[in-house]
Amino acid sequence: MSKGEGCPRGNALVYDDNGLVALDTRETLLELGFVRVTIAACGDDAVASLRNSGLHWAVIDAGCSARDLAAVIAALDAAGVPFVLVCSSPDGSDIPEQWKGRTYLARPYGKADLERLAPR
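The numbers in the sequence shown follow the working numbering, run straight up by one, and end at 120.
In structure tokens:
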């Protein structure tokens, strides 16, 4: 599927402090039909984008600062925005304890993985 084809999925957020990973994920989400994908490298920007962009889904790096991660997840939960936590361990063992049991995606991941988890 190329950009602009298919049913639009709304707006997404990529919260990752690795710029290259964030850009790659953004491009993949646009290919999957998201209308707008905002990248945030810090927790304050991620929370601000939630208030300003009508998010429908988020991809969150579980390795970001614990304080920032807590604020972003609390804001997403309060707004009812579903998200996936990205981690480095295939079994999710590197996800902070308070978010174990949440939907997660282990690196490396690809387009098919994001498509499987993204809401329609």
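Every residue gets a Cβ at the ideal spot worked out from N, C-alpha and C, and that includes glycine.
Mapping the DSSP letters down to three states, classify residue i as helix, strand or coil.
{"i": "residue 103", "result": "coil"}
{"i": "residue 114", "result": "helix"}
{"i": "residue 40", "result": "strand"}
{"i": "residue 81", "result": "coil"}
{"i": "residue 19", "result": "helix"}
{"i": "residue 13", "result": "strand"}
{"i": "residue 32", "result": "coil"}
{"i": "residue 46", "result": "helix"}
{"i": "residue 58", "result": "strand"}
Within a Cβ cutoff of 8 Å, which residues of the same chain sit near residue i, ignoring the five residues on either side of it in sequence?
{"i": "residue 88", "result": "63, 94, 106 and 107"}
{"i": "residue 104", "result": "62, 84, 85, 86, 87, 92 and 95"}
To the nearest angstrom, report how far apart residue i and residue j are at their CA atoms.
{"i": "residue 24", "j": "residue 31", "result": "11 Å"}
{"i": "residue 70", "j": "residue 58", "result": "14 Å"}
{"i": "residue 10", "j": "residue 37", "result": "9 Å"}
{"i": "residue 20", "j": "residue 110", "result": "14 Å"}
{"i": "residue 45", "j": "residue 51", "result": "10 Å"}
{"i": "residue 33", "j": "residue 113", "result": "14 Å"}
Which residue wins for smallest C-alpha separation from residue i, given the options the options?
{"i": "residue 66", "options": "112, 114 and 16", "result": "16"}
{"i": "residue 115", "options": "48, 41, 90 and 28", "result": "28"}
{"i": "residue 53", "options": "120, 81 and 99", "result": "81"}
Kindly list the residues whose CB is nearer than 6 Å to the CB of residue i, restricted to its own chain and excluding five residues on each side of it in sequence; keep chain order.
{"i": "residue 83", "result": "58, 60 and 76"}
{"i": "residue 56", "result": "10 and 11"}
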